[in-house]
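Protein chains in written order, with my numbering: chain A, 1 to 114; chain B, 1001 to 1115. Even for Gly, the Cβ is constructed at its ideal location relative to N, Cα and C. To start, the structure under review is shown below, and the notes come after it.
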Amino acid sequence: DSGVTQTPKHLITATGQRVTLRCSPRSGDLSVYWYQQSLDQGLQFLIQYYNGEERAKGNILERFSAQQFPDLHSELNLSSLELGDSALYFCASSDTDGQQETQYFGPGTRLLVL
Amino acid sequence: KNQVEQSPQSLIILEGKNCTLQCNYTVSPFSNLRWYKQDTGRGPVSLTIMTFSENTKSNGRYTATLDADTKQSSLHITASQLSDSASYICVVSAPYGGSQGNLIFGKGTKLSVKP
């Protein structure tokens, strides 16, 4: 158990809908990272927050947005969902925003868009 | 474009045997290189992190090597166990990732250890 929690574990929705994925980092960790993992793709970095501020951005679609709240939990919002958004979404946390940090991954949210 | 290529794509070995997984990258500049183990349907778990000045790092039966000149890394697994069956992902960190972000992931090598 990494100490990172993600909810929900599974999510099934229809195209055009909007969903929110939630992540609680390990106690004391200030950085939260979001990743997307599709069936035939490797992990794709989406976005990083550090202590409430956006720190780095990857190939995150404009239909997706995220935020980190004062209690350090984070939410990833996915809107106007398409079939291709079906994937595993992972959240990870680390105690700093530095390059040498170890990231601890949550169990993931499996999203299925029908 | 920064890229991380892993080989082989998949590998089957017998329990107790050793194996070596390869990672080639074109990321430059380069901050560090990590190896993760990902069990099916679960989040990745960090095995090793190496900076450009480190040649080797071990974590139990896992030993990672890095040649920053040739931009190659390998992960050697000794005396494999059934629980080593997983995907192994090579991740290179760039200080300025641009649109790819700071972390560039390989697609992983899927290892199956058979009894």
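Considering only their Cβ atoms, is the gap separating residue j from residue i smaller than 9 Å?
i	j	result
N1024 (chain B)	Q1006 (chain B)	yes
S1112 (chain B)	K1071 (chain B)	no
S1085 (chain B)	R1061 (chain B)	no
Q36 (chain A)	L30 (chain A)	no
S1087 (chain B)	T1109 (chain B)	yes
L11 (chain A)	L76 (chain A)	no
T1123 (chain B)	Q1003 (chain B)	Residue 1123 (chain B) cannot be examined here, being either before or after the span of chain B that is shown, 1001 to 1115.
L81 (chain A)	V19 (chain A)	yes
P1095 (chain B)	S1031 (chain B)	yes
In angstroms with no decimal places, state the Cα-to-Cα distance between residue i and residue j.
i	j	result
L1082 (chain B)	P70 (chain A)	43 Å
H73 (chain A)	G108 (chain A)	15 Å
T1078 (chain B)	L1021 (chain B)	12 Å
L1103 (chain B)	K1114 (chain B)	32 Å
G106 (chain A)	T1051 (chain B)	25 Å
V113 (chain A)	D85 (chain A)	7 Å
L78 (chain A)	Y89 (chain A)	11 Å
A1064 (chain B)	E1054 (chain B)	10 Å
T1056 (chain B)	V1045 (chain B)	19 Å
I1089 (chain B)	V4 (chain A)	20 Å
T96 (chain A)	K1001 (chain B)	27 Å
N51 (chain A)	Q67 (chain A)	10 Å
S38 (chain A)	D1067 (chain B)	30 Å
K9 (chain A)	Y33 (chain A)	17 Å
C91 (chain A)	T15 (chain A)	23 Å
Q103 (chain A)	Q6 (chain A)	15 Å
M1106 (chain B)	L1033 (chain B)	The sequence shown places Gly at residue 1106 (chain B), not Met. Going from the Cα of G1106 (chain B) to the Cα of L1033 (chain B) covers about 11 Å.
Hey, does residue i have any beta-carbon neighbour from chain A nearer than 9 Å?
i	result
I1013 (chain B)	no
K1107 (chain B)	yes
R1061 (chain B)	no
Q1100 (chain B)	Per-residue confidence for Q1100 (chain B) stands at a pLDDT of 47, beneath the threshold of 50, marking its modelled position as unreliable; the derived number appears in the next sentence. By this cut-off, Q1100 (chain B) is an interface position.
P1044 (chain B)	yes
L1033 (chain B)	no
L1021 (chain B)	no
V1027 (chain B)	no
Determine, using beta carbons only, whether residue i comes closer than 9 Å to chain B.
i	result
G106 (chain A)	yes
S31 (chain A)	no
S86 (chain A)	no
F45 (chain A)	yes
T96 (chain A)	no
F90 (chain A)	yes
R26 (chain A)	no
message = Using a Cβ-Cβ cutoff of 9 Å, what residues of the region 1049-1081 of chain B are near chain A? List them in chain order.
response = Within the region 1049-1081 of chain B, the residues whose Cβ lies closer than 9 Å to any Cβ of chain A are, in chain order, I1049, T1051.
query = At what residue ranges does the region 1047-1100 of chain B contain a whole run of the beta strand (DSSP E), taking only runs of 3 or more?
reply = Those beta strand (DSSP E) runs which fall completely within the region 1047-1100 of chain B and span 3+ residues are 1056-1059, 1062-1067, 1072-1077, 1086-1093.
Start-end ranges of the beta strand (DSSP E) lying completely within the region 42-91 of chain A, minimum 3 residues = The DSSP assignment places 43-50, 53-57, 64-68, 74-78 as complete runs of the beta strand (DSSP E) inside the region 42-91 of chain A, in order along the chain (cut-off: 3 residues).
inquiry  = Please identify, using Cβ separations under 7 Å, the residues of the region 56-67 of chain A that lie next to chain B, in order along the chain.
reply    = Within the region 56-67 of chain A, the qualifying residues are A56, K57, G58, N59.
message = Under 7 Å, CB to CB, which of the residues in the region 3-20 of chain A have a partner in chain B?
response = The residues in question: there are none.
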